[in-house]
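In this note's numbering, the protein residues as written are 34 to 456. Virtual Cβ for every residue (Gly too), placed ideally from N, Cα, C.
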Amino acid sequence: MKFKSITGTRDVLPEEQPYWRLIENKIYQITSLFGYQRVDPPIFEETALFVRGVGETTDIVEKEMYTFKDKSDNSLTLRPEFTAGVIRLYLQNGMHMLTKPVKVFSIGPIFRYERPQAGRFRQHTQFNVEAFGEKDAAIDFEVMSIAWHLYAELGFKGLRFQLNSTGCPVCRPQYIEKLQNHYRKHIHLICQDCKRRLQRNALRLLDCKVPDCQPVIQSAPVISEHLCQDCESHFAKLCHYLDLMERPYTINHKLVRGLDYYTKTVFEVWAQGIGAQNAMCGGGRYDGLIELLGGDPTPGIGFGSGIERIILVMKEQGLTPPPLEVPKIIIAHMGEAAKEMAINLTHQLRNARIPVQLSFGDRSLKSQLREANRLGMDHVIIIAEQEVADQTATIKRLSDGVQEAVPQNKIIAFFSDRVVAQS
Ligand SMILES: [Zn+2]
Ligand SMILES: [Zn+2]
34 MKFKSITGTR DVLPEEQPYW RLIENKIYQI TSLFGYQRVD PPIFEETALF
84 VRGVGETTDI VEKEMYTFKD KSDNSLTLRP EFTAGVIRLY LQNGMHMLTK
134 PVKVFSIGPI FRYERPQAGR FRQHTQFNVE AFGEKDAAID FEVMSIAWHL
184 YAELGFKGLR FQLNSTGCPV CRPQYIEKLQ NHYRKHIHLI CQDCKRRLQR
234 NALRLLDCKV PDCQPVIQSA PVISEHLCQD CESHFAKLCH YLDLMERPYT
284 INHKLVRGLD YYTKTVFEVW AQGIGAQNAM CGGGRYDGLI ELLGGDPTPG
334 IGFGSGIERI ILVMKEQGLT PPPLEVPKII IAHMGEAAKE MAINLTHQLR
384 NARIPVQLSF GDRSLKSQLR EANRLGMDHV IIIAEQEVAD QTATIKRLSD
434 GVQEAVPQNK IIAFFSDRVV AQS
């Protein structure tokens, strides 16, 4: 019997790890620069949390969740996104009593039963940022800047924000009515999904990718012209901060999130070389969500960014991470006494943070040297009968074959000038 990984999942092999290390390091540097602390909610939660927090009428809840009963008959769901679980964590652990804004981030897998396609996986890893308790547009700018910094520091070219305001419960209903009227006039033109959206989730009409629906979207009223005073001034301030800091952005009327608790800002970051469906990250404000999940009315804003997508676009843009450290020293040995010394020396070098490999088995020195060459080592430390007797080791530099005998108690000093372990 041969086992295979599940459709839509993938194995991350050593060759790809430099990307992961680089991105994770950048995430730690940037979140600490911005003052965001890491939180880790569990991978699964009560199903009801996601139904409520993500929204009953969303594709995620309707079609994409991994929901199962445990042996006590509780309905549990593998998290399909971070925000609901992070809010649950924030409320349950009294973090809502802290000085606001409370600024947190998470990294970890999320699970969605999606149709497998390039860069989309049923398990993927997400970098997620949330800021709770602040309604100032300056924090919208800050949260957006975290995403921006990450991509800019990774070297992405052609970065640009896509930006919209999705209004609020005060101004959105009137807009939705106008939108529905517009669509009713064109009902014969639109797709089946849009006919359904028209009743249940009208804002998502603007999201439709079906070609027939595009002219109807183009001629639809735009929400930014129907904002209330509060939403309009919030949006104007955010645009002003973006202008001030010279961050390129496009106001994209099609950028919407269909649920009532999403308010005001909605944004994505696009990078050169990927299309509309392939945004680097998506996020926005959700000033009604914390209350919906049982907290006091509290504004919130956040975004999620898939790491696999970042890597895909890095590869498309030819951005190469620095290689990870591999040991460039191997210890070869001949005879049992030499082998024991080699084991001891390996231990000492590793304690001194000098990366080193030990040769295994009891092969000839010649075959051990061949292996060292094959592995691309810089140095071989040779311990054989003579070295055991002298308490020395022969250090051979493979590039030019130069070798010297070094007392065993000087070996760490010999290498510590030459080799520094990565942190
Ligand atoms: Zn409003
Ligand atoms: Zn449609």
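Three-state secondary structure assigned by DSSP to residue i
i      : result
GLU437 : strand
ALA312 : coil
PRO462 : Here the chain has residues from 34 to 456 only, and residue 462 is not among them.
ILE39  : coil
GLN150 : strand
ILE220 : helix
ARG396 : coil
ILE93  : helix
GLU301 : strand
THR296 : strand
GLY118 : helix
CYS204 : coil
LEU322 : helix
PRO51  : helix
ASP240 : helix
ASN384 : helix
SER65  : helix
PHE189 : coil
Sheet register partners of residue i (DSSP bridge)
i      : result
LYS429 : VAL413, GLN436
GLN156 : PHE144
PHE138 : ARG71, VAL162
ILE391 : Checking the sequence shown, residue 391 turns out to be Leu, not Ile. DSSP lists ILE364 as partners of LEU391.
THR100 : THR110
TYR282 : PHE194
SER338 : PHE160, CYS314
GLU78  : THR110
GLY333 : PHE165
Beta-carbon proximity check, residue i vs residue j, cutoff 9 Å
i      : j      : result
THR116 : GLU78  : no
HIS273 : LYS297 : no
SER257 : SER198 : yes
VAL413 : ILE363 : yes
LEU402 : GLN441 : no
GLN195 : VAL302 : yes
LEU260 : LEU239 : no
GLY321 : PHE336 : no
ILE340 : ARG155 : no
PRO332 : PHE165 : yes
GLY315 : VAL299 : yes
Same chain, Cβ closer than 6 Å to residue i, five either side skipped, listed in chain order
i      : result
HIS219 : VAL249
THR90  : ARG233, ASN234
CYS264 : SER198, GLY200, CYS201, CYS204, LYS297
LEU292 : GLY88
PRO281 : ARG193
Other residues of its chain near residue i: CB distance less than 8 Å, five sequence neighbours each side excluded
i      : result
ASP476 : The first residue shown for the chain is 34 and the last is 456, placing residue 476 beyond what the model contains.
- Under 7 Å, CB to nearest heavy atom of ligand 1: contacting residues: GLY200, CYS201, VAL203, CYS204, ARG205, LEU260, CYS261, ASP263, CYS264
- Message: Beta-carbon distances below 6 Å to any heavy atom of ligand 2 define the shell here; list its residues in chain order, please.
- Response: ILE223, CYS224, ASP226, CYS227, CYS241, VAL243, CYS246
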